[in-house]
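Take a look at the structure below.
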Amino acid sequence: MKHARRNLMLLTLLSLSTASAQEKVTLRFTTWAGGDGLKLLQTLATEFTKKNPSINVEVESIPFASYDQKLTVQMAGGTSPDVGWVAERSAPAYMSSKSLVDLNPYIKSNSSMRISDYAPASMTLWKKGEGIYGLPFSFSPIFMYYNKDLFQKAGIPTPSELLAQKKWNYAAFEASAAAIKKAAPNAYGGTLLRLDPTNWAAGILAAMYSSGGDIFNKDLSSCTMNSAGTVQAFEMMQRMIKEGSAPKLGEQVTFASGNLGMYADQVSYSGQLSNVKFKWDIVPMPSGPKGQKTLLGQAGYAVFSGSKHQKEAIQFVAFLSSPAVMKRTAQFFPPPRRSILNSDAYLNSNPLIPAASLRQAVLKQVSGAKALIVPANWAQVNDVVVRNMDRIFRPSANVKDELNQVCNDINPLLR
Amino acid sequence: MTTKTPPVPRSQSRPRKGGWESQWVGLLFVLPFMLGLTVFFIGPILAVPIMSLFEWVLPRLPEWTGLGNYTRMTTDREVTHSVWITVLFVVMLVPTNIILALGLALLLNIKTRAAGFFRMALFSPVVVPLVAWALVWRFVLQPDFGLVNVLLGKLGIQGPNWLYEAPWALIAVVICLVIEHVGMNMLIFLGALQNVPAEVHEAAKIDGANSRQIFFKVTLPLMSPTVFLTVIVTIIGALKSFAPIYVLTGGNDAASVLMVQMWKQGFKYFDFGYASALSWLIFLAMLTLTFLQWQLRKRWVFYES
């Protein structure tokens, strides 16, 4: 009797679990978001399940530094996540290894997707032939953060004031940095590099673009790191490091510490400035001989080919990319949908940055900004630059010669 | 290996109380460990040489290439550079570590009240997690506001950018690792020193040997088995170091030893075949060095029990 009852219970349990397994699908969504951004994604996942009770979404956060590593190994091991974020610099590698699902058939058949709303520049990276392999959620130009207190201490006009006078160029950037260093010897004037040299390809690209330089030529067939414009940008950083107005490689100084006058980064960096004790603001990148240009950072949602629930995963991407949801993620990521980007609601979405500054540094810059399109083996190419970085910035270095060497090493990788 | 103790009678070494059932229980106890060992240790060890014969760039499927990965190594400038850096690294690290450890052990063998304190102070870095240790040093070795360069500045010396300039990056890594590990070797040497019987020293003294002669002719030979073991373990440890070097320098050229190169090929470029070939290279280097020393030990290791 006892046995019979137990067996019966087991049986019902088993049948229940198989029944629910047939109905309910669980998606794994990977992201490198942390803090409030991650919380928002988790909330969105719960909301999605409420609307689609048969689909459960688990949000999994992986640190950015090991994101591609984990994903690639999981894909190769047959435990690929279903859907997730893809960074612009990794997208070509995933696309060339056919790890991303073409979303175009779904987009075409679904009128609510309104792909025409996306800024054309935001889609170039994700399109290949007829296919669309991801939908961007972030359209984030690099701009300049500056420490108002340090400018006041140095008694010089702020970048915003210079901008109003149309004098905000790289010469002014360099001169302001030197003035700050003079007034505050324990601080640095400014930098175009990030703390981690591996992520060098950010602010300094804006300086390269506005002097006519670049990393590659148009079809990515040869290295142009030794072009005049690029050399100019690197020479400026070399000068600033030599004079002490910019931190040397490896100096553990961040803008958030209050010891850096000017720092180039994206909107998402503002998340680290919520508790700082100094006053700051943002301006567009300075202008150079070829005008005012900057780098457009991007990231997108993609469905991975290894997913066993591609249909449901695409549904989730469609939900996240809908105008209503993008309005909410816009607080952290400037939205590629033009209808949202140009709305007042967006300009007032960031509690830390005033609407007027956001309009100047994000909206006005977006049109002239350039997305960085990289080859599939960007990891190797990037590493060549990183390995040579200390030689390039050495005070005695001939920057042009060093960058020639860099190109000699990169060109064979571009075959 | 060469012990000649009389064989222990079987009946004594294996009490047979419960028969095969108790053996089963024993096996069950060992099973979880054996499973883990097989899956996570022996399996990968066997897989690596096979993987090294394939061109396998994740997430693509592997393709047979035979010795392709090995021939590629010979022309790869990055790898030849890494071999050179690794040789320099081992040559700088191992003697510094051993000589320093021996010297410290000799100093601490002197019976004073402070000896206990110094022993603890010198050993404490050993128990600090390596990555935490390296992170702290990254701050200490900053070019402008790092502690080391600030202190050097007070002396009127402009310090280098320790972690980003050749050859300083390698030197900084060696110093940081020696300080971390020297305590362990020191403790082992201290144990060996205290095992040297006092009568032997006394006898040598009576024979008129000075302290220098006592050390080189009596103490050191008596310690030689310990020194031998320590040298081998330190060399293997040096060839295996990865985490602190990576955290300190990010694997830049100045300190990119073979382990860092292997990691880069495997987990940055996802070239698993090539990374496997490189790990074989490192394994062969360790094996050769250990074998050579094993052969040479007859020349300088005495009193092995």
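Protein sequence lines correspond, in order, to chains A and B. Read in order, the letters of the first sequence correspond to residues 963 to 1377 in our numbering. Read in order, the letters of the second sequence correspond to residues 472 to 776 in our numbering. A virtual CB, placed ideally from N, CA and C, is assigned to each residue, including glycine.
Name the DSSP bridge partner or partners of residue i?
i         : result
ARG1299/A : TYR1080/A
CYS1185/A : PHE1178/A
ASN1018/A : THR988/A
ASN1131/A : SER1249/A
GLY1046/A : THR992/A and ALA1264/A
ALA1055/A : DSSP output for ALA1055/A lists no bridge partner at all.
VAL528/B  : ASP742/B
TRP535/B  : PHE525/B
LEU1258/A : PRO1103/A and ALA1333/A
GLY1093/A : LYS1090/A
SER1023/A : THR993/A
THR1153/A : TYR1225/A
ASN1109/A : TRP1242/A
LEU1062/A : PHE1266/A
Where do the N-terminal and C-terminal ends of the beta strand (DSSP E) with residue i fall, by residue?
i         : result
SER1102/A : 1097-1103
VAL1333/A : In the sequence on display, residue 1333/A carries Ala and not Val. Per DSSP, ALA1333/A belongs to the beta strand (DSSP E) from 1331-1333.
THR761/B  : Unbroken run through THR761/B is the alpha helix (DSSP H), 743-771; no beta strand (DSSP E).
ASP1227/A : 1222-1227
Considering just the uninterrupted stretch of the alpha helix (DSSP H) at residue i, what are its terminal residues?
i         : result
GLY1165/A : 1165-1171
TYR717/B  : 714-720
GLY654/B  : 639-666
LYS625/B  : 618-625
PHE512/B  : No alpha helix (DSSP H) contains PHE512/B, which DSSP labels as neither H nor E.
GLY574/B  : 548-580
VAL1215/A : From DSSP, VAL1215/A is part of no alpha helix (DSSP H); its letter is neither H nor E.
HIS672/B  : 669-677
TRP1340/A : 1340-1355
PRO596/B  : 586-598
SER1283/A : 1272-1283
So which residues of chain B does residue i contact, with C-beta pairs closer than 8 angstroms?
i         : result
VAL1348/A : GLY721 and ASN723
ASP1243/A : Under the 8 angstroms cutoff, chain B gives no residues; its nearest Cβ is about 26 angstroms from ASP1243/A.
ASP1227/A : Within chain B, no residue comes near ASP1227/A; the closest Cβ sits about 19 angstroms away, beyond 8 angstroms.
ASP1181/A : Correct list: empty, because the minimum Cβ distance to chain B is about 23 angstroms.
What residues from chain B crowd round residue i, counting only those whose CB sits closer than 7 angstroms?
i         : result
ILE1031/A : The question names Ile, but residue 1031/A in the sequence shown is Gln. Neighbours of GLN1031/A on chain B, chain order: PHE738.
GLN1342/A : TYR740
PRO1159/A : GLY721
ASP998/A  : Here the premise fails: no neighbours, minimum Cβ distance about 26 angstroms.
Run down chain B in chain order and give the residues with a C-beta less than 9 angstroms from the C-beta of residue i.
i         : result
SER1059/A : VAL528, LEU529, PRO530 and ARG531
ASP1176/A : Residues of chain B passing the Cβ test: none, with the nearest at roughly 23 angstroms.
ASP1363/A : The contacting residues do not exist; ASP1363/A stays about 16 angstroms from chain B at best.
ASP1111/A : Correct list: empty, because the minimum Cβ distance to chain B is about 19 angstroms.
Is there at least one non-hydrogen atom of the ligand SAM closer than 8 angstroms to the beta-carbon of residue i?
i        : result
SER595/B : Judged by which ligands are present, the structure shown has none, so any question about the ligand SAM falls away.
| Hey, is the region 663-671 of chain B in contact with the region 576-583 of chain B, meaning 3+ C-beta pairs nearer than 8 angstroms? | yes
| Quick one, which residues of the region 605-627 of chain B are near chain A if we go by CB-CB under 9 angstroms, in chain order? | Listed by position along the chain: ARG609, PHE610, LEU612, GLN613, PRO614, ASP615, PHE616 and GLY617.
| said: If the cut-off is 8 angstroms on Cβ atoms, which residues from the region 1197-1223 of chain A count as contacting chain B, listed in chain order? | reply: GLY1206, PRO1209, LYS1210, LEU1211, GLY1212, GLU1213, GLN1214 and VAL1215
| Hey, is the region 560-567 of chain B in contact with the region 641-655 of chain B, meaning 3+ C-beta pairs nearer than 8 angstroms? | Taking a contact to require three or more Cβ pairs closer than 8 angstroms, the region 560-567 of chain B and the region 641-655 of chain B qualify as touching.
| Positions along the region 1016-1050 of chain A whose CB lies within less than 7 angstroms of some CB in chain B | Residues of the region 1016-1050 of chain A with a C-beta atom less than 7 angstroms from some C-beta of chain B are GLN1031, THR1034, VAL1035, MET1037 and ALA1038, listed in chain order.
| said: Output needed in chain order: residues of the region 633-651 of chain B with a Cβ under 9 angstroms from some Cβ in chain A. | reply: TRP633, LEU634, TYR635, GLU636, ALA637 and ALA640
| said: Under 8 angstroms, CB to CB, which of the residues in the region 1312-1346 of chain A have a partner in chain B? | reply: Listed by position along the chain: ASN1339, ALA1341, GLN1342 and ASP1345.
| request: Below 8 angstroms between beta carbons is the criterion; list the residues of the region 1296-1313 of chain A that meet it against any residue of chain B, in chain order. | output: none
| task | Give, in chain order, every residue of the region 1062-1089 of chain A whose Cβ lies closer than 8 angstroms to some Cβ of chain B. | result | none
| query | When the Cβ atoms of the region 1239-1254 of chain A are set against those of the region 1126-1139 of chain A, are three or more pairs found closer than 8 angstroms? | reply | yes
| message | Does the contact criterion of 3 or more C-beta pairs under 8 angstroms hold for the region 1055-1075 of chain A versus the region 1275-1286 of chain A? | response | Yes, they touch.
| said: Under 8 angstroms, with one C-beta from each stretch per pair, do the region 672-687 of chain B and the region 706-713 of chain B reach the 3-pair mark? | reply: no
| field | Inter-stretch contact (C-beta, 8 angstroms, three-pair minimum) for the region 1263-1273 of chain A and the region 1043-1050 of chain A | value | yes
| query | Below 8 angstroms, can you find three or more Cβ-Cβ pairs linking the region 1010-1028 of chain A to the region 1255-1263 of chain A? | reply | no
| Do the region 1051-1071 of chain A and the region 995-1011 of chain A make contact, defined as three or more Cβ pairs closer than 8 angstroms? | no
| query | Would you say the region 1108-1119 of chain A touches the region 1080-1088 of chain A, given that touching needs at least three Cβ pairs under 8 angstroms? | reply | In short, these stretches do not touch, since the Cβ pair count stays below three.
| query | Is there contact between the region 690-710 of chain B and the region 523-534 of chain B, where contact requires at least three CB pairs shorter than 8 angstroms? | reply | no
| field | Three CB pairs or more closer than 8 angstroms across the region 611-628 of chain B and the region 548-562 of chain B | value | Flag = no, the region 611-628 of chain B and the region 548-562 of chain B do not touch.
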